[in-house]
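Presented below is the structure to which this report refers.
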Amino acid sequence: MMTQTDVGDRSAVFGEFEKHLMSDEKPSLYFDGLLGAGAFPQWPPFNMLSGLAGVKQSPQHHPEGDVWRHTMLVTDNAAQLKSQSKEPRALMWAALLHDVGKRETTKLRKGRITAYDHDKAGRALAERFLRDCGQDEAFVREVGALVRWHMQALYHARHLPYYDPQAMRAETDIDEVALLCLCDRLGRGPVTAADIEREQSHITAFIRKSRSAR
């Protein structure tokens, strides 16, 4: 098990993670294997990810389980859809890091599990993760923006005031956000054919509205 935290170690782990993100049909098999064997690095910044195991979610909205399980499903979805992305590397890292903000924002409020503003908190954490791993600033900001805006399709579908297409468009590509949003929405289980059709319809409406909003 890796225990060192120098730049070389972080770079090596990052490279191994990226290899599986970009090459595996189901990256979750690799990450679950590491976690299950007790071999997942427990030092920064990688403990941002391992720390998601056991972070509870609303069983109503996330019947698949904790944040780690959700993250693995989203990452596998992204692996299936990355050929549609203009920037597949950014999409895959955004999928893996999209909910890192939930560890610090998840709370029990009046009997409900919530994670308000985890998209905003997640941006800062995802960007720190990538900087710690020596990534260039343009890539850091690209992934950070996807993490920041990954809830927008849900906010649009539910007519919530947090939907902000103008600010989103100023920072990132709507189509890339839409892909991540779709992966996120389908990253819960079990998902039926009707669920997929409904979520794809929501994403189409989200793209159309986000492009035309003034």
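Going by our numbering, the letters in the sequence shown line up with residues 9 to 222, in that order.
Yeah, the Cβ is synthetic: ideal placement off N, Cα and C, and Gly gets one too.
These figures come from a predicted structure and were not determined experimentally.
For the pair His158 and Asp183, the CB atoms are not nearer than the 7 Å cut-off. In the three-state DSSP reduction, Leu60 falls in the coil class, being neither helix nor strand. Secondary structure in the region 10 to 36: the alpha helix (DSSP H) runs of 4 residues or longer, each lying completely within the stretch, are 15 to 31 in chain order. Remark: fewer than three beta-carbon pairs, one from each stretch, lie closer than 8 Å, so the region 212 to 220 and the region 96 to 107 are not flagged as touching. Sequence-distant Cβ neighbours of Arg111 in its own chain, meaning closer than 8 Å and more than five residues away, are Met56, Gly59, Leu60, Val63 and Val75.
In the assembly as shown, Gly44 is an exposed residue. Its beta-carbon has fewer than 16 other beta-carbons within 10 Å. Within the same chain, and ignoring the five residues on either side of Glu150 in sequence, the residues whose Cβ sits closer than 6 Å to its Cβ are Ala98. Per DSSP, reduced to three states, the secondary structure at Thr200 is coil, with no helix or strand assignment.
DSSP places Lys110 in the uninterrupted alpha helix (DSSP H) bounded by Lys110 to Thr113.
Between the alpha carbons of Gly16 and Val185 lies a distance of about 32 Å. Burial of Leu138 is indicated by the presence of at least 16 other C-beta atoms within 10 angstroms of its C-beta. Rounded to the nearest whole angstrom, the CA to CA distance from Asp192 to Val21 is 25 Å. With respect to Gly152, Arg131 sits close: the two C-beta atoms are nearer than 7 Å. Just measuring C-alpha positions, the residue of Ser19, Asn85 and Ala134 sitting nearest Asp32 is Asn85. As a beta-bridge residue in DSSP terms, Arg117 pairs with Arg120. Contact between Ala134 and Val108 holds: CB atoms are separated by about 6 Å, below the 8 Å threshold.
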